[in-house]
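Position 81 of the sequence shown, counted from 1, bears residue number 85 in my numbering, the numbering being contiguous throughout.
See structure below.
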Amino acid sequence: MSSKKTIITYGTFDMFHIGHLKLLQRLSGLADELIVAISTDEFNRGKGKKVMIPYEQRAEIVENIKCVDRVIPEENWEQKVTDVKKYGIDIFAIGDDWRGEFDFLKEHCEVVYLERTKDISTTQLKRSLTNFISIPKEDIINAFEIIEALKKDFE
Ligand code: C2G
Numbered sequence: 005m006s007s008k009k010t011i012i013t014y015g016t017f018d019m020f021h022i023g024h025l026k027l028l029q030r031l032s033g034l035a036d037e038l039i040v041a042i043s044t045d046e047f048n049r050g051k052g053k054k055v056m057i058p059y060e061q062r063a064e065i066v067e068n069i070k071c072v073d074r075v076i077p078e079e080n081w082e083q084k085v086t087d088v089k090k091y092g093i094d095i096f097a098i099g100d101d102w103r104g105e106f107d108f109l110k111e112h113c114e115v116v117y118l119e120r121t122k123d124i125s126t127t128q129l130k131r132s133l134t135n136f137i138s139i140p141k142e143d144i145i146n147a148f149e150i151i152e153a154l155k156k157d158f159e
């Protein structure tokens with residue numbers, strides 16, 4: 005019986021941020037080996053989730069996080085029980101935005117829901133990105149006033 009404990013988590017990890025990192029670091033503190041199942045682009049479409057970064061890059065980023073031992077694709081909702089058995093998982097863990105959703109795994113392994121990191125999310129990042137690159141309203145108004153003035157000069 006191997007005494008090595010293995011923990012698994014699942015997620016999209018789009019636009020990797022400090023909330024993702026803190027989760028993975030906490031998970032790695034709970035076991036000897038951390039496996040991360042990254043949602044494929046196809047699976048995200050099924051989740052109704054638009055991703056900015058393609059699967060290959062999201063997987064490569066997470067694979068290169070120091071505390072991550074292995075990355076596998078998450079292709080569907082049903083694979084978790086198979087994964088728990090296939091990889092000899094001792095603990096399934098995920099952020100508490102999913103609290104209760106995966107309690108069915110309790111007959112196969114320990115199930116842990118960890119508090120999310122506050123004030124950061126991929127959605128917030130996307131929103132601040134659009135604000136950051138959007139042209140300020142006054143610049144648009146100024147541009148229209150200049151065009152109107154130029155039009156008058158040519159009338
Ligand atoms: N997370 C966190 N703190 C944040 C944001 C995210 O702890 N501020 C956690 C989430 O709770 C999740 C993980 O980081 O455990 C990955 O988050 P997402 O990429 O949003 O994952 P999600 O789309 O919820 O996919 O089968 C499970 C799903 O694939 C989970």
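In this text, a Cβ means the ideal position worked out from N, Cα and C, and glycines have one as well.
Since the structure is predicted, the reported quantities are computational estimates derived from the model, not experimental observations.
DSSP-derived helix/strand/coil call for residue i
i, result
"residue 121", "coil"
"residue 7", "coil"
"residue 14", "strand"
"residue 85", "helix"
"residue 64", "helix"
"residue 99", "strand"
"residue 111", "helix"
"residue 43", "strand"
"residue 129", "helix"
"residue 154", "helix"
"residue 105", "coil"
"residue 93", "coil"
"residue 78", "strand"
"residue 34", "coil"
Closest by C-alpha distance to residue i, when choosing among the options
i, options, result
"residue 85", "64, 66, 109", "109"
"residue 107", "136, 115, 98", "115"
"residue 10", "100, 134, 67, 40", "40"
"residue 120", "103, 61, 35, 66", "103"
"residue 72", "129, 105, 13", "13"
Near the ligand C2G: residue i beta-carbon under 7 Å from a heavy atom
i, result
"residue 17", "yes"
"residue 107", "no"
"residue 43", "yes"
"residue 125", "yes"
"residue 86", "no"
"residue 14", "yes"
"residue 112", "no"
"residue 78", "yes"
"residue 98", "yes"
"residue 133", "no"
"residue 23", "yes"
"residue 36", "no"
beta-carbon residue i near the ligand ZN non-hydrogen atom, thresh 7 Å
i, result
"residue 53", "Absence of the ligand ZN from the depicted structure is noted, with the ligand C2G being the only ligands included."
>> Taking contact to mean 3 or more Cβ pairs, one atom from each stretch, closer than 8 Å, check whether the stretch 21 to 38 and the stretch 117 to 132 are in contact.
In response: yes
>> Taking contact to mean 3 or more Cβ pairs, one atom from each stretch, closer than 8 Å, check whether the stretch 90 to 100 and the stretch 54 to 61 are in contact.
In response: no
> Three or more beta-carbon pairs under 8 Å between the stretch 43 to 50 and the stretch 64 to 74, yes or no?
Replying inline: no
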